[in-house]
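Quick notes on the structure that follows.
Residue numbers (the UniProt record's numbering): 1 to 96.
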């Protein structure tokens with residue numbers, strides 16, 4: 001099951017004893033800050049969690065798999081995530 005914004009807001013509400021609306025507003029504002037920063041081309045590093053990196057991709061040749069027609073794919077930005085060592089250790093702690 002995926003973790004949704006509603007579930008996150010409920011967890012914030014329960015953990016911090018906040019109203020449902022306030023918890024949802026806090027979560028929404030946090031996500032807006034992340035979206036705005038990424039759209040400006042800046043990376044985001046959250047200590048103990050990881051780093052969202054904005055990478056520039058150059059225009060390149062591609063093809064439509066349905067028609068086999070060649071085309072040029074435009075330059076674009078992509079977002080990648082690199083988890084911190086602490087998060088990686090936490091994820092892998094139950095494997096060993």
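Glycine included, each C-beta is placed from N, C-alpha and C at the ideal position.
CB-CB length for residue i against residue j, believed under 8 Å
i          : j          : result
residue 2  : residue 23 : 19 Å between Cβ atoms; not a contact.
residue 75 : residue 58 : 6 Å
Helix, strand or coil at residue i according to DSSP, with G and I counted as helix
i          : result
residue 41 : coil
residue 49 : coil
residue 58 : coil
residue 69 : coil
Beta-bridge partners of residue i, as assigned by DSSP
i          : result
residue 1  : Residue 1 pairs with nothing; no bridge assigned.
residue 85 : Answer is none; residue 85 lacks a bridge partner.
residue 79 : 54
**Prompt:** Is it true that the region 71-91 meets the region 37-54, where meeting means three or more beta-carbon pairs spaced less than 8 Å apart?
**Reply:** The region 71-91, when compared against the region 37-54, does touch it at the 8 Å Cβ threshold.
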